[in-house]
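Counting from 1 along the sequence shown, just add 7 to a position and that's the residue number in this note's numbering.
Built from N, CA and C at the ideal position, the CB exists for glycine as well.
Structure record follows, encoded as structure tokens.
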Amino acid sequence: MKRLGALSCLLVVFVLGAALELTRTWQLLVIAGVVGGILAKSLRAAALSGFLGLVIAWGAHFLVHYASMPTNFAMAFSYLSMFLVIGLVLAGLLGLISALLGYFAASVLRRPTK
């Protein structure tokens, strides 16, 4: 299987994360991170793509909600002032941990090269 660089894995995690967000089940975002980690060429590429991919996907999700319902979004932000920061940090940690899990699972299951 061909291993991908950080930018390609970032794109894969972002696209999968954005698609899985449409299911309204945030736990499925782990799949995006694991797939990005499996495809990553190095540990650094896996960690970077998992973290940033889901942060960008959730940021885009927040922007879409803000554009479609600005008053509701403003009310949620006024009740919990750190709403955006907490959401983005949790998305990043979810992506980071799941991408590392995928990378380590792929390295355990990979056949040794001769």
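DSSP three-state assignment for residue i, whether helix, strand or coil
| i | result |
| --- | --- |
| Leu122 | In this structure the chain extends from 8 to 121, so residue 122 is not present and cannot be described. |
| Leu29 | coil |
Per-residue burial, residue i [other beta carbons within 10 Å of its own, 16 or more giving buried]
| i | result |
| --- | --- |
| Ala81 | exposed |
| Val115 | exposed |
| Ala112 | exposed |
| Val37 | buried |
| Leu23 | buried |
Within 9 Å, strictly: CB atoms of residue i and residue j
| i | j | result |
| --- | --- | --- |
| Val20 | Val42 | yes |
| Gly57 | Ser105 | yes |
| Leu55 | Leu17 | yes |
Residue from the options whose Cα sits closest to the Cα of residue i
| i | options | result |
| --- | --- | --- |
| Leu14 | Leu46, Leu101, Trp33 | Leu46 |
Quiz item: Given 8 Å as the limit, is there contact between the segment 76-93 and the segment 19-38, that is, 3 or more CB pairs closer than that?
Solution: Judged by Cβ distances under 8 Å, the segment 76-93 makes no contact with the segment 19-38, as fewer than three pairs qualify.
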